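S.K.: The numbering of the sequence shown is my numbering, which starts it at 67 and goes up by one.
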Amino acid sequence: MASSKIQRQNQHHQKHSQKQWSIQDFEIGKPLGKGKFGRVYLARELKNKFIVALKVIFKEQIEKYKLYHQLKREMEIQTGLRHPNVLRLYGWFQDDDRIYLILEYAHGGELYRQLRKTGHLSERQAATYIASLTQALAYCHGKDVIHRDIKPENLLLDHEGRLKIADFGWSVQSRSKRHTMCGTLDYLAPEMVENKAHDYAVDNWTLGVLCYEFLFGAPPFEAQSQTDTFRRIMKVDLRLPSTPHVSSEAENLISRLLVKDSSKRLSLQKIMEHPWITKNADPTGTCSKFNI
Ligand code: AMP
């Protein structure tokens, strides 16, 4: 049964980590959000007063959806990643009914909310986020971690406005389910919507989609129905509205990422060297209201 597997895994994990955490080590604060498999709370570690986000997942849900492997994957992948633009997973523990993930707290919340509030981002903000994402993905690809679910809902901001990729591990399997259920094909590369073999270049496509959405306020292949979005992605039916706040250099970057042949998409290295990035991205990766 999944829970006994989780227990064995946790015993192994506890043997190899310095500290065995429990809920008694934390003071629980306000709820931060609700995901498909549980809730996230602000929490403070009592001894060091360290602020974290505690993600609480019910084992029953994991068993019901047979997601034990994905959860284990999320925990293993995210524990091993150390990058300023990847949300840290400090550790995890469990009780009889729940699994708790101790996560870095992202004070700025979802990038998605910011985007919806302002309609679109400035070139400075957009370029800073794209550069942060590119660097985080280059780091992940270097560790053979590919194919993340990088859509605005999975991008969080810290207190300085620094972008953090969250939500590891679920992506691969829950992605197809989630997309058929909610009809969000928008971020998927042609080779993925067609169910073809794909590699790390799917992330480069998604960077193009996000860059477009940051600047124009909606994803490029948005349509009334899933079938129409599918058609538009397959045709790479890219329309770049002419607006004064989007430069031709930004359009150039977008059109060099949204390329059907995955081997012809701009590499992560080339994205970082692109004039739109070098001119606009804040080298500190921070985008607070003071330096937009
Ligand atoms: P999730 O279950 O990961 O989808 O999280 C549900 C919601 O909780 C997210 O959409 C965020 O708004 C919030 N949230 C998740 N993780 C964090 C975090 N580390 N810091 C702040 N808010 C978070």
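From the three backbone atoms N, C-alpha and C, an ideal C-beta is built for every residue, glycine too.
Nothing here was measured: the structure is a model prediction, and the numbers come from that model.
Is it the case that the CB of Lys102 approaches a heavy atom of ligand 1 more closely than 8 Å?
M.R.: Because some heavy atom of ligand 1 lies under 8 Å away, the Cβ of Lys102 counts as near it: yes.
S.K.: What runs of the alpha helix (DSSP H), each 4 residues or longer, lie entirely inside the region 142-226?
M.R.: Counting whole runs of 4 or more residues, the region 142-226 contains the alpha helix (DSSP H) stretches 177-184, 189-208.
S.K.: By how many angstroms is the C-alpha of Ser188 removed from the C-alpha of Lys243?
M.R.: Confidence in Lys243 is poor, its pLDDT being 33 and thus under 50, which makes the residue's placement too unreliable to answer from.
S.K.: Within its chain, find whatever has a CB closer than 8 Å to the CB of Cys277; leave out the 5 residues flanking it on each side and keep chain order.
M.R.: Here the set comprises Ala192, Ile196, Ala316, Leu319, Ile320, Leu323.
S.K.: Under 9 Å, do Ser329 and Ala267 count as touching if we go by C-beta distance?
M.R.: In this structure, Ala267 lies closer than 9 Å to Ser329 by Cβ.
S.K.: Counting along the chain, where does the alpha helix (DSSP H) carrying Glu279 start and finish?
M.R.: Where Glu279 is concerned, the enclosing alpha helix (DSSP H) stretches over 267-282.
S.K.: Does any heavy atom of ligand 1 sit closer than 8 Å to the C-beta of Glu176?
M.R.: Under cutoff, so the answer is yes.
S.K.: Note down the Cα distance separating Ile231 from Lys326, rounded to an integer number of angstroms.
M.R.: Distance between the alpha carbons of Ile231 and Lys326: 25 Å.
S.K.: Going by DSSP in three states, Glu339 sits in which element: helix, strand or coil?
M.R.: Helix.
S.K.: Sort Ser333, Tyr166, Thr352 by Cα distance to Glu226 and report the nearest one.
M.R.: Closest by alpha carbon: Thr352.
S.K.: Is the CB-CB distance between Val312 and Phe282 below 9 Å?
M.R.: Result yes, Cβ atoms of Val312 and Phe282 sit closer than 9 Å.
S.K.: When you compare only the Cα positions, how much space is there between Met338 and Glu170?
M.R.: So the alpha carbons of these two residues sit roughly 26 Å apart.
S.K.: Whole angstroms are fine: how far does the CA of Arg228 sit from the CA of Leu181?
M.R.: So the alpha carbons of these two residues sit roughly 15 Å apart.
S.K.: Taking one C-beta from the region 82-101 and one from the region 131-138 each time, how about it: are there three or more such pairs within less than 8 Å?
M.R.: Output reads no: the region 131-138 does not touch the region 82-101.
S.K.: Nearest-angstrom Cα distance between Leu223 and Asp163?
M.R.: When rounded, the distance between both Cα atoms is 30 Å.
S.K.: Quick one: what's got a C-beta closer than 6 Å to Gly185's C-beta in the same chain, skipping five residues either side?
M.R.: Around Gly185: Gly283.
S.K.: Please indicate yes or no: does the CB of His173 lie closer than 8 Å to some heavy atom of ligand 1?
M.R.: Answer for His173: yes, Cβ within range of ligand 1.
S.K.: Could you check if Glu111 belongs to the surroundings of ligand 1, using beta carbon to heavy atom distance under 8 Å?
M.R.: False, no ligand heavy atom lies under 8 Å from that Cβ.
S.K.: Please classify Phe103: is it buried, with 16 or more other beta-carbons within 10 angstroms of its beta-carbon, or exposed?
M.R.: The residue is buried, with at least 16 neighbouring Cβ atoms inside 10 Å.
S.K.: Would you report the Cα separation of Leu334 and Ser291, rounded to the nearest angstrom?
M.R.: Distance between the alpha carbons of Leu334 and Ser291 is about 31 Å.
S.K.: Please say whether Leu133 and Gln144 have beta carbons closer to each other than 9 Å?
M.R.: Result no, Cβ atoms of Gln144 and Leu133 do not sit closer than 9 Å.
S.K.: Along the chain, where does the alpha helix (DSSP H) that runs through Leu319 open and close?
M.R.: 314-323 is the span of the alpha helix (DSSP H), which, as asked, contains Leu319.
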